[in-house]
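Below is one structure, written out as structure tokens, with a few remarks after it.
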Amino acid sequence: MKPIMEPKPQLRPVISWRMKIPWTPILFLTPAVIAFLLFKYYPLVQAIYMSFFDYKVIDPPGRFVGLSNYSYLFHSSEFWNALRNTFAFFLIYFILTFWVPIVQAILLNEIRFANKTIRVLYLLPTAVPAVAGFLLWKWLYNPDYGLLNYLLEFIGLGSFGWLNDPAMAKWAIVIPGIFGSGMSMLIYYSALQGIPSENIEAAKIDGAGPWKRMISIVFPSLKFVIGIQFIAFISGVFLTFDPMYIMTGGGPANSTRTLSMLVFDSSFKEFRFGVAGAISFVMFIIIAVITYIQIRVSRTD
Amino acid sequence: MAARSRIRERGELTVRIVSYSVAALFIVVSVIPLIWMIGSSMKDNISIYRFPPTWIPQTPQAVTVTLNYDDTDLSKPDEYELDAMKAIWFTWKKMQNDAIGSLAITGVKEGIVVYKADMPSYKFTAGRPEIVPTQLFNDTTIRNKLPIIRERGLTNFEWMEKGESYDGNTVLSPELPELSTAVLSKFTDSSHITGQVMDIAEKKDWRRLFDNYLVLAQFAGGSEGSYGFPHFLMNSVIVTFASILSHLIIGGMAGFALAHLVRGRIGSGLTLFFVATIMIPEIAILVPLYLTMDKLHLVNTLWGIILPHTAWGIVIFLFKGFFEQLPGELLQAARIDGASEFRIYWWLIVPMSAPIFTVVSVMTFIAVWNEFLWPLVIARSPSVWTFTVALNDFQNRQSMGANVVMSSLVIATIPLMIIIITCQKLIEKGVSFTGLKG
């Protein structure tokens, strides 16, 4: 017994010592872990924590107010207006922009000649930095000197108020998005390249014409990508801030003030950080819920 | 195949026609604003606000005025310089509702050219708020402003020590073009200018089409410590490249560790820790992130803009995905040879993984170059503005016409345009990485 037992106590500590502290992975991962903790998780927790306080920057965290920031939100017409606007924007973006890259990609798939050139040209509007694009469109919309009203008058459609018209401002903000979809188009297009050519050949032999093939084979094969893109689309649209801030600043008559603008204004204009934290948390919950539903639905499909 | 493709299917032609025309429609409609942007960026301050708008900018007119100093008691160069400045700045200020490309004055005394002075329109635009803020003119104004004009090099003045003899017109031609007539009337109305107009001429100068671009650089060194557009572009370049570098180093190492060094429950837990942050919306953590930066004393620094970019879940996700595909045998072989993980990473993995590093660089470039909200929040003082924040500020500046704003947009577009055209393939690759797996 003894000779067998003896080496054990010696070996064990050595092995477990080596196993316990894997220095290399720790060194490789530490910078990233620190960065993510500091710039993602800590702020997220802080946002939720803040929402329970009448937060003071000078003397944090200020007075504990429980849920009154939330009850303030739910009783303020501003919040409901912003929530309504956010969902309205979501719908308008969906109607005007979501389908565009899908159609572009499916049709591009039929194009052989100059295919690459067209891909470059589709990407070209993406080269205009987003902020620059919004400023450009603001200038195009200008009711006095803008090109758009001039062109519309030229073809006899009359001029519009665009960004100055509360009924129209939302649509005017979304329209530039129609042309900025080059990247999503490429995502769909690269997905289409993965369709096995046998499927298409088989459909051909079955007598399906090109239009029929498009509907029965090409489009269904995109379903998965469309699902993923839709999740990204939801959160992207929900958080959109730049075009509203740059083109209208929330006006006219608060018709383009969304939740994200409300977060910005309540924190950096009104300095009500607690309220901003509460709105942030509500947004986070809404997005999480929508994404969860979407994932569930696409799984059952 | 060739024979078969000649036998057309039914509907093939319509598919083709529809495909091409839809593509053409989208492209034309999306390129029109870009052409309009470039055209507007070359317009002068007046025609930019004209309705109906024109597509092609007018070539600006360079006006040359010859002043006669016979029978005047000016003798010192300084006195002539003052007179030339009055002639240029006062006349131009009165004519700011006309489009002048440049204004040049030639001073002649007793048949000899004594000085030449000229100013292009971008320098007038840049100096106007400081030199001639009002329509009120007198001798003391220009005497006080002369040091500023000299210091900022707004107006060229060349004193002709050994003047050549003047051999141009000495009598005004009876039929002058429209702009020259207007300039002439301002000279004859003025009581401040000593010299008498002897000749006036105008000619088109295409170089002045690009003056709006030059105005952008001229804002630097202005009175209120303002910065020129190049300064903001430089900030953006620094922020973008620092972010790319941080992704390549921090993200690459973490991705490698997740792919090859950590396994089992800890590995998947860590992966989730990183990748789940993709779900955290930027706006939701905006305020606490700002307060964190405030605690670290990084508000109003470029570091404050850069550091949060070190934590992008998608980057680690991409690196991990790529490194996992690398053949494990190579790693094993290197380990058996006794190479440390650091050596393996730097000398084996990194050289093999050029595609993923370039893809991440390009994707980061596009995202960070475009970024607006975070710099807007964290960069409170103009010295650390990125160009996106500056552009947003430009649209509210009174002194900046829409034509100058348009030219700043054109300049801001160029870097991204170069990246997109040259890196088309990489972008497509990156997009299929992110789009299909994410």
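Protein chains in written order, with UniProt numbering: chain Y, 1 to 301; chain X, 1 to 438. Backbone N, C-alpha and C fix where the C-beta goes; we use that ideal spot for every residue, glycine too.
Using a CB distance below 8 angstroms, the part of the segment 268-282 of chain Y facing chain X consists of F268, F273, A276, G277, S280, F281, ordered along the chain. In this structure P288 (chain X) touches P43 (chain Y) by the C-beta definition: roughly 4 angstroms separates them, less than 8 angstroms.
Runs of the alpha helix (DSSP H) lying entirely within the segment 360-424 of chain X, each at least 4 residues long, are 373-378, 387-394, 402-422 in chain order. Taken residue by residue, none of the segment 77-95 of chain Y has a beta-carbon sitting less than 7 angstroms from a beta-carbon on chain X. Here E324 (chain X) carries a helix assignment [DSSP, helix/strand/coil]. Here V384 (chain X) is not near H309 (chain X), since their CB atoms are 8 angstroms or more apart. Contiguous beta strand (DSSP E) elements confined to the segment 74-104 of chain X do not occur, taking only those with 3 or more residues. Assigned with DSSP and collapsed to three states, V114 (chain X) falls in strand. Contacts with chain Y at 8 angstroms (Cβ-Cβ) do not include S361 (chain X).
At least one beta carbon of chain Y lies nearer than 8 angstroms to the beta carbon of Q395 (chain X). Exposure of A114 (chain Y) is indicated by the presence of fewer than 16 other C-beta atoms within 10 angstroms of its C-beta.
Annotation: M253 (chain X) to D211 (chain X) spans about 48 angstroms, alpha carbon to alpha carbon. Here the segment 375-391 of chain X makes no contact with the segment 13-23 of chain X; the two share fewer than three CB pairs at distances below 8 angstroms. Taking the CA atoms as reference points, R63 (chain Y) sits about 39 angstroms from I266 (chain X). By the Cβ-count criterion, E371 (chain X) is buried, with 16 or more other Cβ atoms from all chains shown falling within 10 Å of its own Cβ. In the structure shown, A257 (chain X) falls within a helical segment according to DSSP collapsed to helix, strand and coil. If you draw a straight line from the Cα of F317 (chain X) to the Cα of A191 (chain Y), it comes to about 19 angstroms. For N156 (chain X), the enclosing beta strand (DSSP E) has its first and last residue at 156-159. In the structure shown, the three-state DSSP call for L108 (chain Y) is helix. Looking at the DSSP output, N81 (chain Y) shares a beta bridge with no other residue.
Secondary-structure assignment with DSSP links V108 (chain X) through a beta bridge to X:N68, X:V113.
Burial is judged here by how many other beta carbons sit within 10 angstroms of a residue's own beta carbon; N392 (chain X) has at least 16 and is buried.
For I38 (chain X), the enclosing alpha helix (DSSP H) stretches over residues 12-41. Using a Cβ-Cβ cut-off of 8 angstroms, F179 (chain Y) counts as an interface residue toward chain X, since at least one Cβ of chain X sits closer than that to its own.
Here E202 (chain X) carries a strand assignment [DSSP, helix/strand/coil].
If you draw a 10 Å sphere on the C-beta of G236 (chain Y), you find fewer than 16 other C-beta atoms in it, and that means exposed. Annotation: the continuous alpha helix (DSSP H) that includes D265 (chain Y) extends over 259-268. Only those residues of the segment 219-236 of chain Y whose C-beta falls short of 8 angstroms from the nearest C-beta of chain X are listed: V225, I228, Q229, A232, S235.
Counting the other Cβ atoms within 10 Å of the Cβ of F134 (chain Y) gives 16 or more, which makes it buried.
Identification of chain X residues near S260 (chain Y) by a Cβ-Cβ cut-off of 7 angstroms yields I283, ordered along the chain.
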